Structure formats: structure tokens, C-alpha cells
Amino acid sequence: MNKVSRILTLPETPRTFGFFVDGEWREGGDLFERASPGHGVAVTRIPKCTVADLDDAVAAARRAFEDRRWSGLSGAERAGVLLRAAAILRQRRDEIAYWEVLENGKPITQALGEIDHCIACFETAAGVARLLHGESFNSLGDKLFGLTLREPIGVVGLITPWNFPFLILCERVPFILASGCALVVKPSEVTSATTLLLAEVLAEAGLPAGVYNVVTGSGRTIGQALTEHPDVDMLSFTGSTAVGQSCVQASAASNFKKLGLELGGKNPIVVFADSNLEDAADAAAFGISFNTGQCCVSSSRLIVEASVADAFEALLAEKMARIRVGDPLDAATQVGAITTEAQNATILGFIDKGRSEGARVVTGGAAVDLGRGSYIAPTLFSGVTRDMAIACDEIFGPVLSSFRFETVEEAVALANDTVYGLAASVWTRDIDKALTVTRRVRAGRFWVNTIMAGGPEMPLGGFKQSGWGREAGMLGVEEYTQVKSVHIETGPRARWIA
Ligand code: NAP
261 MNKVSRILTL PETPRTFGFF VDGEWREGGD LFERASPGHG VAVTRIPKCT VADLDDAVAA
321 ARRAFEDRRW SGLSGAERAG VLLRAAAILR QRRDEIAYWE VLENGKPITQ ALGEIDHCIA
381 CFETAAGVAR LLHGESFNSL GDKLFGLTLR EPIGVVGLIT PWNFPFLILC ERVPFILASG
441 CALVVKPSEV TSATTLLLAE VLAEAGLPAG VYNVVTGSGR TIGQALTEHP DVDMLSFTGS
501 TAVGQSCVQA SAASNFKKLG LELGGKNPIV VFADSNLEDA ADAAAFGISF NTGQCCVSSS
561 RLIVEASVAD AFEALLAEKM ARIRVGDPLD AATQVGAITT EAQNATILGF IDKGRSEGAR
621 VVTGGAAVDL GRGSYIAPTL FSGVTRDMAI ACDEIFGPVL SSFRFETVEE AVALANDTVY
681 GLAASVWTRD IDKALTVTRR VRAGRFWVNT IMAGGPEMPL GGFKQSGWGR EAGMLGVEEY
741 TQVKSVHIET GPRARWIA
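Quick note, this note's numbering runs 260 ahead of the 1-based positions in the sequence shown.
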């Protein structure tokens with residue numbers, strides 16, 4: 261239950277944070293002041309770190325990794341720290357959700373649900389820490405025995421975006437820690453507070469100093485320096501495809517650090533005429549409006565069977581018009597504020613483009629005026645053709661583009677008509693259709709008669725230009741390891757020199 265336990269109000273003065281290196285808090289020189297996107301009121305002051313601060317953090321992580329204070333522990337000992345962190349997060353759930361809402365603008369009930377998912381990530385990673393293992397090869401003949409060891413890759417740089425600051429962090433950090441790595445995190449400058457709060461949680465849980473470091477600041481300075489850093493062994497980046505491309509170049513130009521990339525999406529929701537149309541419409545409304553559509557897995561392309569398309573669009577529009585857009589601190593709100601002014605302008609720009617390119621607004625299509633903050637009504641466009649910007653580009657807002665199909669082949673072709681391959685959803689009561697679409701559409705996450713469901717047991721990641729690698733689950737720990745092949749000879753050696 262995401263019950264809000266008290267009436268939430270804005271802080272009287274912005275809270276000033278330090279940054280966290282080698283187990284200690286440091287004060288920032290220059291500070292970045294963040295205003296709550298739902299209210300336009302200053303809520304936090306975050307250090308604008310320097311590249312020298314980042315170098316210190318990488319050096320601290322390197323020392324922590326090399327002296328094996330974390331990687332040398334047993335899986336059971338690492339699991340103990342992760343489970344204690346989960347218990348502390350449970351106690352601090354309301355407080356962390358509050359700061360997430362203030363900086364991001366998402367509704368408080370949603371933020372509370374996200375913290376629950378984060379707790380589950382820590383508990384799942386604790387299990388994986390104990391189960392992580394290599395393989396044995398008893399198939400090399402009597403004289404040779406083989407093993408593979410899974411070893412932590414080393415110092416990991418982690419760059420996270422502003423749309424799910426704590427959730428995306430927690431879909432990575434516990435799994436990285438389970439592997440035995442040390443890390444340096446660079447959150448988005450506009451949503452750094454909860455990443456810093458996690459440092460307190462991990463320290464209290466008993467994580468050794470230097471294993472989790474947070475350096476705040478802008479992507480262009482600190483983010484770029486982290487991607488280029490020669491002493492970082494792996495970079496896990498979640499964000500836009502454009503910055504993902506620059507990470508690839510920076511990796512190649514520095515030290516060929518391993519990359520994990522989770523990038524953009526333009527995700528299809530395929531609705532067949534035989535599905536439960538009420539359920540499918542509810543899911544489509546949720547899939548585009550959840551987190552104001554600022555969600556990498558938002559289902560932003562509706563692909564609906566032509567025979568029911570008019571009726572389905574009408575049903576969906578009626579549901580979307582009833583979504584409660586409002587103050588993120590109000591427990592009744594379903595859709596909160598747009599997180600940044602730049603993103604607000606981008607979304608409204610796409611809505612204008614959709615209209616001017618000839619698509620029809622069925623519902624929404626405008627900003628919502630709540631007196632302060634930036635809000636946009638969930639928007640459905642009909643009559644979208646594949647050349648339009650709203651058909652191809654990731655809008656990252658509550659804007660759904662509708663397409664129609666006659667055959668399963670057409671549905672699959674439309675679903676695959678994108679450079680992205682992050683997620684997809686299919687709605688039908690026919691198992692043949694469900695399986696055909698699931699097997700032929702290229703996407704890393706698939707939902708059949710559901711949407712955005714899942715848990716930290718299941719891996720996350722993209723096909724095509726949506727990224728490389730997998731986060732969460734067993735694969736999400738293995739991603740941060742490298743495999744060493746060990747060959748052991750038994751018995752006398754067959755000599756080379758007679
Ligand atoms: P973004 O501009 O790429 O920023 C993501 C992160 O990268 C932020 O921490 C940002 O820092 C930093 N950054 C910016 N420029 C950088 C540079 N030159 N070098 C290194 N780091 C840099 O993306 P966003 O606008 O925050 O997030 C939206 C995008 O993320 C969407 O495309 C969305 O699909 C994608 N996303 C993907 C997933 C997934 O799991 N696949 C999840 C969530 C979001 P600052 O913000 O401080 O500048």
C-alpha cells in the first residue's frame with residue numbers, strides 16, 4: 261500500500277548536500293540550486309564538483325577495490341550488507357520518496373511504490389551475491405580439468421538520468437556491489453539528492469569506505485570526465501542515445517572500458533481486436549502516462565487492429581481524459597509535473613509538430629495550468645504516418661501515436677519500424693498471435709496482456725539502438741564480472757622435449 265502517512269509540504273529552505281568520497285562527506289564549493297518542478301520552489305542545493313573531485317573519487321574506489329576490502333569478502337558477507345541496506349531503506353522509505361518527488365516531480369504514491377521496488381532490488385542482489393559462481397569443465401579428458409572464475413571487473417562508473425533517479429540507481433548499485441566491484445556514481449545534476457542519501461544508507465549498513473562514491477555536477481563536465489577516465493574499468497550509462505554514442509567514443513579513445521548502455525525507446529503496444537479492449541485501453545493509458553511518459557519503456561506507439569481502431573481510440577481517449585494530473589505531493593495525483601523546463605518545451609514542440617504534420621489530436625494536446633510548475637495533459641494522436649516526427653522520435657512525454665494494422669505481418673512490421681528495441685507489449689486472447697508477435701518483435705522486454713510488469717529477478721536491457729548489456733537479476737551481476745578460464749593438469753606431463 262502506498263499510503264501517504266502525513267500531509268506533505270514543501271521545505272521552508274532548500275536542503276544543502278555535500279558529495280561523498282572515500283566514506284566521507286565533502287562540502288561543495290559552487291552549488292547548483294534545484295527548484296521543485298511541480299511548484300517552482302527551491303528545494304535542494306547540490307555541489308558542482310570539479311574534475312579533481314572526480315579523480316579523488318576514482319582513486320578512492322581504486323584503492324578500495326585493489327585492497328579487496330569488499331571484493332575479498334564472501335558472498336554471504338556482501339549479502340549481509342545489502343540486506344541491512346534494504347532494512348534501512350524500509351525505515352527511510354517516506355523520506356527518500358519525499359526528496360525524489362521534490363526534485364523529479366513524480367506523484368508521491370508512485371515514488372513510494374518505486375522505493376519498495378528498490379528495496380526488492382537490494383534483497384534480490386543479496387541472493388545473487390551468494391549464488392554467483394563460475395563453471396567446471398569435466399569434459400577435457402582425464403589429464404585436464406577446467407574452471408571458469410567470475411571476477412569483479414573493478415572500478416565501475418555509473419551515470420544515471422533524471423526520470424527515475426532512485427529506481428534506476430537501485431536497479432544497478434546492489435547488483436554492482438554483489439559482484440564485488442567498487443563504484444563512482446554521477447547522477448543527473450537536477451536529481452542528485454536521493455543518490456546522495458543512498459550513501460548514508462550504505463555506510464550505515466556497513467559498506468566499507470571507498471566502495472560507493474558520489475560525485476555530483478553536470479553531464480558535460482563530470483559525466484564526460486567519468487566516461488573518459490583511464491582508471492575506470494567499466495561504465496554503466498543510462499540516458500539518451502546521443503550521449504550513449506559519445507560514451508562509446510570516449511571509451512575507445514581512453515582505455516576501452518567495458519560499456520553497459522541503456523538508452524532510448526519508441527515502444528509499441530500491439531492491440532488485437534480479440535483482446536479485452538477495456539483492459540488494453542487501461543494499459544495503454546497507463547503505459548504512456550506513467551511518470552508523465554518520461555519513461556524509457558513508455559509504450560508510445562499504439563498499433564491497433566483496424567476493425568476496432570475507431571472504437572478503441574475513443575475508449576482510450578475517454579480513459580486518458582480522466583487521469584488525475586496534479587500536484588506531486590497530493591496523494592490523489594496520478595500524473596505529476598514534467599521534470600525540467602527543457603523537457604517541457606520539447607514535449608510541447610512535438611505536440612505542435614504532430615498537429616502541423618497532419619495528425620489529429622483525439623485527447624489532450626496542451627499544457628495543464630495548475631498555477632505553478634509544468635504539466636501536460638496525456639495526449640493521443642490518431643492518423644499518424646510513419647514519416648512523422650511523432651512516429652519516429654522518442655518524445656519522452658505523455659504523447660501516444662496511433663497506427664492501424666490488418667494482419668499479424670503488418671503488426672510485426674509496424675512494431676519493428678524503429679531504430680530502438682527496448683520494450684513491447686501485445687494484447688490478444690489468441691496464443692498463436694501473442695507468441696508470433698513476442699518472438700518476432702525485436703525488444704529486450706516484452707509484456708503479454710500486461711504492461712510495465714516485472715521484478716528485479718528479471719534482466720533489463722535493449723535490442724538495437726536501445727543499448728548493450730543487461731541490468732538486474734543474475735545477468736545484472738554477471739554483467740559486472742569478467743570470466744577467467746583456469747586449466748589444471750593432473751598426472752605426469754606428456755613432455756615436449758624428449
Ligand atoms: P541524458 O541527457 O543522456 O542524461 C543522462 C545522464 O548523462 C545524466 O546524468 C547527464 O547528466 C549525463 N550526461 C549528459 N551529458 C553527458 C556527457 N556528455 N557525458 C557523460 N554524461 C553525460 O538523458 P536524460 O535526458 O537525462 O534522460 C532521458 C533519456 O534517457 C531518454 O532517452 C531515455 O529513454 C533514456 N533512459 C533510458 C533508460 C533505459 O533503461 N534504457 C532508462 C531511463 C532513461 P546531467 O543531467 O547532469 O547533464
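We put the CB at the ideal spot given by N, CA and C, even for glycine.
Since this is a predicted model, take the numbers as computed values, not measurements.
Inset, instruction - Locate the alpha helix (DSSP H) running through Pro425, then write down its first and last residues. - result: 425 to 430
Inset, instruction - Report the rounded CA-to-CA distance for Trp756 versus Val743, giving the unit in angstroms. - result: 29 angstroms
Inset, instruction - List the residues that DSSP assigns as beta-bridge partners of Thr304. - result: Arg275, Arg294
Inset, instruction - Could you check the C-alpha separation between Ile563 and Ala651 for me, to the nearest Å? - result: 11 angstroms
Legend entry - DSSP three-state assignment for Lys403, whether helix, strand or coil: coil
Inset, instruction - Out of Asp313, Ala592, Ile379, Glu731, point me to the one whose CA is closest to Val341's CA. - result: Ile379
Inset, instruction - Keeping to the same chain, check which residues put their C-beta closer than 7 angstroms to that of Ala534; ignore five residues upstream and five downstream. - result: Looking at the sequence provided, one finds Asp at residue 534 rather than Ala. Cβ neighbours of Asp534 beyond the five flanking positions: Thr688, Arg689, Asp690.
Legend entry - Spatial neighbours of Pro638 in its chain, beta-carbon cut-off 6 angstroms, leaving aside the 5 residues before and after: Ser549, Met580, Ile583, Gly624, Pro658
Legend entry - Ser616 classed as buried or exposed, judged by whether at least 16 other C-beta atoms fall within 10 angstroms: exposed
Inset, instruction - Compute the Euclidean distance between the alpha carbons of Gly525 and Ile413, then round it to the nearest angstrom. - result: 28 angstroms
Inset, instruction - Tell me whether Ser567 is buried or exposed, calling it buried when 16 or more other Cβ atoms sit within 10 Å of its Cβ. - result: exposed
Inset, instruction - Run the CB neighbour count on Val701, radius 10 Å, all protein chains shown included, and call it buried at 16 or more, exposed below. - result: buried
Legend entry - Nearest-angstrom Cβ-Cβ length linking Pro716 and Thr384, presumed shorter than 8 angstroms: 4 angstroms
Legend entry - DSSP three-state assignment for Glu573, whether helix, strand or coil: helix
Inset, instruction - With a floor of 3 residues, list each beta strand (DSSP E) that falls wholly inside the region 355 to 426, ordered by position along the chain. - result: 404 to 412, 415 to 419
Legend entry - Simplified DSSP state of Gly751, which is helix, strand or coil: coil
Legend entry - the ligand NAP heavy atom lying under 7 angstroms from the CB of Leu724: For the record, residue 724 in the displayed sequence is Lys; it is not Leu. No, Cβ of Lys724 sits at least 7 angstroms from all heavy atoms of the ligand NAP.
Inset, instruction - Please confirm if Ile636 has its CB atom under 8 angstroms from at least one CB of chain C. - result: Judged by its chain identifiers, the structure shown contains no chain C, having just a single protein chain.
Legend entry - Three-state secondary structure assigned by DSSP to Met261: With a pLDDT of 46 at Met261, under the threshold of 50, the modelled position of that residue is not reliable, and the figure given next carries that caveat. DSSP places Met261 in coil when its eight states are reduced to three.
Legend entry - Element boundaries [alpha helix (DSSP H), containing Val492]: Looking at the DSSP string, Val492 is not in any alpha helix (DSSP H), and its letter there is neither H nor E.
Inset, instruction - Quickly, what does DSSP pair Leu443 with across the bridge? List them, please. - result: Val416, Tyr472
Legend entry - Delimiting residues of the beta strand (DSSP E) encompassing Ser661: 659 to 665
Inset, instruction - In angstroms with no decimal places, state the Cα-to-Cα distance between Leu495 and Glu578. - result: 44 angstroms
Legend entry - Helix, strand or coil at Ile348 according to DSSP, with G and I counted as helix: helix
Legend entry - DSSP three-state assignment for Pro528, whether helix, strand or coil: strand
Inset, instruction - In the DSSP assignment, find the unbroken alpha helix (DSSP H) run with Leu695 in it and report its ends. - result: 691 to 700
Legend entry - For His377, the nearest candidate out of Ala346, Ala453, Thr698 (CA to CA): Ala346
Inset, instruction - Check whether the region 477 to 488 touches the region 457 to 465, taking contact to mean three or more Cβ pairs, one atom from each stretch, closer than 8 angstroms. - result: no
Legend entry - Buried or exposed (CB count within 10 angstroms, at least 16 for buried), His299: buried
Inset, instruction - Using only alpha-carbon positions, find the residue among Pro307, Leu404, Phe280, Leu343 that is nearest to Ala754. - result: Leu404
Inset, instruction - Can you tell me which of Glu287, Arg275, Gly406 puts its alpha carbon nearest to the alpha carbon of Ile748? - result: Gly406
Legend entry - Proximity below 8 angstroms, CB of Glu522 to CB of Thr498: yes
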